[in-house]
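Everything on this sheet refers to the single structure shown next.
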């Protein structure tokens, strides 16, 4: 093995060998285990959320593959209707063209060309992350077989009356000219205004004052509503109001929705431009007057003076006219949530249009029952409440989008406007006996991307054909996804899978937290705090990082601010940590928390963990290569330490598997880390030296320790492999030939990833041995602590006295004496009788047994007291300074929470250090 671990030199070559050898395919043997990859956008690139979730999915996949299950990780990408169309449209715009210049057919061809050239970025990045899905089964939602499934579902639902076309209110993006889902709308607080307007009664007896944040919508008002129990207005219900500017008469209505405590208690109702007003309009059978065009300009329903104006220009003109006519009461500053399109940043309008809908009420009930019955479970369980909240209040689903890229709606229209739905035009004509002379035109719209994604659990496995994969892997084992798409994707998959297969799509739904930056802020380009997983794997210099974070910034000041912050945070750029360190970080952070703050220090810590494993493996190989490791038999005598590490491994293995079964990846990672670093690399390797390096050790004893060394390391590599695939494969290739693992079948790939996961073995679970070594460790640590406290060289041999020695202590001392003498560097051990007097000594306790190290001749008492005194003085100053800072009200009120917490941590650490120094001072003073 090389002296240092260099991830770049092994990762890509290793992955290529795995993929070329076909090791990612389902074996066809064992219990089926399947995970469906949430399909990333074909336009996308790997971000921290992907890296986090895909690490979890890959760890589960590798674990179950090693457990002997018939394991399939089904992979694929989503055509991402809006996002993909925007990418190609921008390319055309750069050439002074639009999609309309090309026409639909040529434009779609251009998208397919782009997809072939650039659409595989994220799948290549997934390979860099070490993921192991069956790439031979990779699908794309616009593939012929998946497109056929989409058409089949649409037609069947339409035949049952569950898909219909109707005019309803939708989220409308006036730049894209399409309906968008709630998930594609960002509601963020912005500073705006509240305009208060007088609406005079028709009979001239008075007026009502209403308030709005969107004055332009008054052109479409069809009522003013008050609460039915509001005594101020009860006598006015049923009367007419003369709408300013338009002169239309609109009624005063009573509705429980109105909050009499808010504002004046009067609410203007614009059913065609507000979702709440729309519902009220339907209840009261109000007219629906749409006053906007598709690009958010005032249409011909409004007075001529405003027609053709952009909505915001119209707003200014309307406010000016209201003011001039005396109808404007006042204007107030007002913070409000503004809905903006996540792709265009345009303000989204509630817009009345004809769209296609799925009537979901009958589909929702079986989906609710599946969770309530426990057939499907959420992990953590509390997310089922979110699911129920959405599902019990579910509304019909708008599935049409005014785009050219996507699954075109299989509906045709004749010249009279009749609608015909079928799998193709030929079927429509045959089904409805339409002559060739009847001209049909296909619906221009495409289906919402979430519609095809809802079929993912069964369409990817071959439905509507009855394939072997569908029979074997549905329902899949677990879905790993984020809480933000429980309704948009998870619920719809459950509804569609239950409807078309009669089965649940998955048994478990593991909901991950959201990866935030180390301060708890959401990662976003505008904040300049986005981390790229590939940059953490490969490293990136500071200038490249700054350029990456500021590229495309429209505001120079914002770009400058982000550049400054980036240089401060990463003055030397980001070093290369390698894939294994990043993956282990993700696993270790996968708690049940909703938000997970990503700490760069942890990645560095787990890079050190990789180095620790590498160096420990080099030590093992140096002490076993070309030597007898018991692979071919021979007498073996296992030391107490050998039996202990085997028992400790079994304990770790049990805890690790229990944690994985509960989806507690953080606990599993910590369990594996604690064993590997502290028990194996720190303690056991040291405990092997008295056996391997002693001239008095027999060959059987050395063979037993070499056997244990190589096989525990090999088993540990298999334990770690699901989280850390590359380093474990690289080391295993060197270690396995010396170990007792079963040789692979002839022609089978020789790789750790197809080896069996370590088996739990109750015969090696020895509680007595675990207890004995813990005693030994406390003995050694006690003496090492005395050395540290008294500033005694680690290499200086010491004489130890023991007091209050029990029979069990005597037994342990006898069997562990070689380890204690070597690791504690003792010259002698003397057991004191009850009446024996001990000289001035430093002490340590091992349970009830007292260890005494006589200090005579070991330290210069006065010099040591002076040294500790100086350290106490410095630490006291640190404590006082930090306490003063935290007592400063100005500092506490202005500093970020993360900075305050850091200062509190520094104070706590300094206080602990001061207490320890004082204890040392008292101990030495008493000598």
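In our numbering, the protein residues as written are 104 to 1030. Glycine is no exception: its CB is placed at the ideal position from the N, C-alpha and C atoms. All figures in this text were calculated on a predicted structure; none of them were measured in a lab.
Per-residue DSSP class, three states only, for residue i
i, result
"residue 116", "helix"
"residue 369", "coil"
"residue 444", "strand"
"residue 481", "strand"
"residue 826", "coil"
"residue 190", "helix"
"residue 634", "coil"
"residue 867", "helix"
"residue 423", "helix"
"residue 87", "The chain is shown from 104 up to 1030; residue 87 falls before or after that span and cannot be answered."
"residue 334", "coil"
"residue 132", "coil"
"residue 280", "coil"
"residue 151", "helix"
"residue 516", "strand"
"residue 361", "coil"
"residue 614", "strand"
"residue 782", "helix"
"residue 436", "strand"
"residue 926", "helix"
"residue 243", "strand"
"residue 946", "strand"
"residue 224", "helix"
Close Cβ partners of residue i (< 7 Å) along its chain, the five nearest in sequence each way excluded
i, result
"residue 118", "230 and 233"
"residue 345", "303, 305 and 352"
"residue 175", "129, 137, 237 and 576"
Segment limits, alpha helix (DSSP H) that includes residue i
i, result
"residue 384", "378-386"
"residue 803", "802-823"
"residue 251", "247-262"
"residue 788", "788-795"
"residue 467", "464-475"
"residue 1002", "1000-1028"
Residue i - containing beta strand (DSSP E), residue span
i, result
"residue 268", "266-276"
"residue 292", "288-303"
"residue 619", "617-619"
"residue 458", "452-461"
"residue 765", "Premise fails: residue 765 is in no beta strand (DSSP E) and is neither H nor E."
"residue 952", "952-957"
"residue 857", "Residue 857 -> no beta strand (DSSP E), and no H or E assigned at all."
"residue 311", "310-315"
With 16 other Cβ atoms within 10 Å as the buried cut-off, status of residue i
i, result
"residue 376", "buried"
"residue 53", "In the structure as shown, the chain begins at 104 and stops at 1030. Residue 53 is therefore absent and cannot be evaluated."
"residue 378", "exposed"
"residue 995", "exposed"
"residue 335", "exposed"
"residue 439", "exposed"
"residue 76", "Residue 76 cannot be examined here, being either before or after the span of the chain that is shown, 104 to 1030."
"residue 667", "exposed"
"residue 1005", "exposed"
"residue 918", "exposed"
"residue 799", "exposed"
"residue 900", "exposed"
Chain-order list of residues whose beta-carbon lies under 8 Å from that of residue i (same chain, five-residue window excluded)
i, result
"residue 542", "517 and 518"
"residue 557", "592, 595, 596, 598 and 599"
"residue 723", "788, 812, 813, 816 and 838"
Residues near residue i by beta carbon distance below 6 Å, same chain, minus five either side
i, result
"residue 748", "787 and 815"
"residue 217", "191"
"residue 363", "330 and 333"
"residue 738", "803"
"residue 328", "356, 358, 361, 370 and 372"
Near the ligand COA: residue i beta-carbon under 7 Å from a heavy atom
i, result
"residue 582", "For the ligand COA, the structure offers nothing, since it holds no ligand at all."
Counting only runs of 4+ residues fully inside the segment 524-612, write out the alpha helix (DSSP H) ranges in chain order.
-> The DSSP assignment places 528-535, 552-556, 559-562, 571-576 and 595-604 as complete runs of the alpha helix (DSSP H) inside the segment 524-612, in order along the chain (cut-off: 4 residues).
Jot down the residue ranges of each uninterrupted alpha helix (DSSP H) in the segment 673-756, minimum 4 residues, whole runs only, in chain order.
-> Taken in chain order, the unbroken stretches of alpha helix (DSSP H) that lie wholly in the segment 673-756 and span 4 residues or more are 682-692 and 703-725.
Whole runs of the beta strand (DSSP E) within the segment 157-208, excluding any shorter than 3 residues | Within the segment 157-208, the complete beta strand (DSSP E) runs of at least 3 residues are 173-177.
Entirely within the segment 869-911 and at least 3 residues each: give me those beta strand (DSSP E) ranges in chain order.
-> The qualifying runs are 901-906.
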